[in-house]
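This report concerns only the one structure given below.
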């Protein structure tokens, strides 16, 4: 049976001890990168929201952290995310290696900008 979480705190608490601080830092930085953002569970994973709209999702897996979706960026951004691109809409950051928190912040910022343009926020 699939796990069910009502809050992001529940989700983070359910992960292994060594992964919790990583998820907490991703959450903190993503919320800081998106002024006015909130968070909730959507599709069973943590989601950063803006005015009720989903902006960026993140999840812990056995060997990596995933961030979804992948925003469109300039050439420098595309080069920066290339080593982590797992699929068209997924970035995978291996556990056991330094987590590129600044890159995750950029992803959240770009996705929030896209959402603001789309919704006129």
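In the working numbering, the protein residues as written are 113 to 233. Note that beta-carbon positions come from the ideal geometry of N, C-alpha and C, so glycine has one too.
Item                                                                                                                                                                                         : Value
Among the residues of its own chain, which have a CB less than 7 Å from the CB of residue 150, if the five just before and after it don't count?                                             : 161
Name the DSSP bridge partner or partners of residue 179?                                                                                                                                     : 170, 203
How far does the beta strand (DSSP E) with residue 161 in it extend, from its first residue to its last?                                                                                     : 157 to 162
In angstroms, rounded to a whole number, what distance separates the CA positions of residue 202 and residue 181?                                                                            : 6 Å
Give every residue of the same chain whose Cβ lies closer than 6 Å to the Cβ of residue 223, excluding the five residues on either side of it in the sequence, and list them in chain order. : 167, 168, 183
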